[in-house]
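J.:
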Amino acid sequence: MKILVLNSGSSSIKFKLYEDKTAVASGLVEKIGEGDSKVELKDITKDKKYSREGAIANHEVGLSLVNELFKESGLLHDLDELDGCGHRVVQGGAKLINHCVVDEAVLNEIQRVSVMAPLHNPAHIAGIKTMQKAAPKVKNVAVFDTAFHSTMPDFAYMYALPYEYFEEDKIRKYGFHGTSHSYVSKKAAEFLGIELNKFNAITAHLGNGASVSAIECGKCVDTSMGFTPLEGLMMGTRCGDIDPAIVPYLTKTKGLNPDQIDNIMNKKSGFLGICGFNDLRDVEAQIKKGDKKAKLAQDMYIYRLTKYIGSYFTILPRTDALIFTAGIGENSDLVRKLVCDKLAHLGFELDESVNKGLRGKLCEISKVGSKVKILIVPTDEEFEIATITENLIK
Ligand code: AMP
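Be aware that the sequence shown starts at 1, since it is given in our numbering, and climbs by one per residue.
#1: Entirely within the region 209 to 235 and at least 3 residues each: give me those beta strand (DSSP E) ranges in chain order.
#2: Verify whether the separation of the beta carbon atoms of G218 and L233 is less than 8 Å.
#3: Which residues mark the beginning and the end of the alpha helix (DSSP H) in which H177 is found?
#4: Taking C-alpha atoms, which residue in F227, G255, F348, I13 lies nearest to D145?
#5: Please classify Y312 as buried or exposed, where buried requires at least 16 other C-beta atoms within 10 Å of its C-beta.
#6: Got a sec? Which residues, its chain only, sit under 6 Å from H149 by beta carbon, not counting five neighbours each side?
#7: Which whole-angstrom value is the C-beta distance of A344 and L206, which I expect to be below 8 Å?
#8: Reducing DSSP to helix, strand and coil, say where R318 ends up.
#9: Note down, in chain order, each residue of its chain lying with its Cβ closer than 7 Å to the Cβ of A297, except the 5 sequence neighbours on either side.
#10: Check this for me: beta carbons of K356 and T306, under 8 Å apart or not?
#11: For Q111, which residues of its own chain have a beta-carbon under 7 Å away from its beta-carbon, when the five flanking residues on both sides are left out?
#12: Could you spell out the range, first to last residue, of the beta strand (DSSP E) harbouring S8?
#13: With distances taken from CA atoms, which of S185, S211, N257 is nearest S238?
#14: Kindly give me the distance between the Cβ atoms of L362 and K187, rounded to whole angstroms, as I take these residues to be in contact under 8 Å.
#15: Closest to T203 by C-alpha separation, out of T130, K289, N7, I323, would be which residue?
#16: Taking any heavy atom of the ligand AMP as the mark, which residues have a C-beta closer than 5 Å to it, listed down the chain?
#17: Can you list, in chain order, the residues of its chain with a C-beta nearer than 7 Å to that of L358? Leave out the 5 residues immediately preceding and following it.
#18: Does G193 pass the burial test, meaning 16 or more other C-beta atoms within 10 Å, or should it be called exposed?
#19: What's the call for I287, buried or exposed, on a 16-neighbour Cβ count within 10 Å?
#20: Can you list, in chain order, the residues of its chain with a C-beta nearer than 6 Å to that of P258? Leave out the 5 residues immediately preceding and following it.
#21: Pick helix, strand or coil for D43, following the three-state DSSP scheme.
#22: Run through DSSP, which three-state label would N200 get?
#23: Given a cut-off of 8 Å, decide if L41 and L69 are closer than it, judged by their beta-carbon atoms.
#24: Check whether the Cβ atoms of E382 and V66 sit closer than 8 Å, and answer yes or no.
#25: In the DSSP assignment, find the unbroken beta strand (DSSP E) run with V29 in it and report its ends.
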């Protein structure tokens, strides 16, 4: 089966083509609407690249260029040849709790819940509509970041606000990065030879955005992101948990409006806000040069991450594994070491000789006999989306 996976952002489309579950091409349309746009396709089987540069006015033009590059590469003669197209959709809301084939009602619901993901859902809708127009016969599947977290119990997903905000405005914890948490927990259970429905784990998806989930019997029972992807851990540019009273305080003391505060908390906080660098590699390099703010940012990150993992350890009846994934989780042996050192007294015993220098490889990094197994599991959200799409259209 030929499945295209699309992750449409406001000014970009990330794509990957699968043939019978093997990735054969990947690519990116970037800077849509900015004048100096670019589209690149990589034929993975031949290690060959194809590209176009110049203004790409909108998603429709972007996708038509992707189609052209597919033709040029010989991988596809037309998008119509696809068996299906899987779309990443960040927010499904309270109704779309299962991944599904897109019809008009689904599209309307994704649109309706856009207020809860204003940076993401409108772009996903643009991607889906573009695909519908370019290849009308191809089935589109929506894969929701929020779906995996729909198994959380009410006492975990509710906020202690007046109940009508939940009833009328659907304000509750939704969680994000669901396809990643789902993929790595399945992979880890398989790797450890434990049946998924008996597997308990804490999954730490640590990328530019970051979230931790508690998995009991293969299902999510809690996660650190909330109503939006802002809650929880400190991230590259996002603040994570803060006292909510800081928001009205800033409106009064600094005269900031809600949009300005939202922008600050999402784009100017986290590592960037504390030390001026959002990429952990730069933060670690600054620490080596003696930068005190960079060290503070790292200390805060590790402290908060440890608190979340520790709290999920207490709510799970047993923890079989701690799983590190995404850019930081897969690549930073230092973050893994600093966190596990703090958790050692709970039975998380890291084998430093295995951990050191290890990047992006599925591997157990705990000591033999460690109460909790510690694993690196490289995430593959696109593969998960392709698999879900294939299963749904079959
Ligand atoms: P992601 O959002 O999953 O692509 O992760 C991106 C983040 O991973 C970057 O911002 C870096 O902070 C981090 N990262 C990638 N490689 C390394 C590395 N070798 N050491 C530390 N952090 C890394």
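C-beta: ideal position from N, C-alpha, C; glycine also.
T.: In short:
#1: 210 to 216, 219 to 223
#2: no
#3: Per DSSP, H177 belongs to no alpha helix (DSSP H) and is neither H nor E.
#4: F227
#5: buried
#6: G175, G178, C220, T223
#7: Not confirmed; about 19 Å, so no contact.
#8: coil
#9: F271, I274, C275, V283
#10: no
#11: I125
#12: 2 to 8
#13: Note that residue 238 is Arg in the sequence shown, not Ser. For R238, the nearest C-alpha among the options comes from S211.
#14: 7 Å
#15: I323
#16: G207, N208, D279, L280, R281, A326, G327, I328, N331, S332
#17: D333, I365, I376
#18: exposed
#19: buried
#20: none
#21: strand
#22: coil
#23: yes
#24: no
#25: 22 to 30
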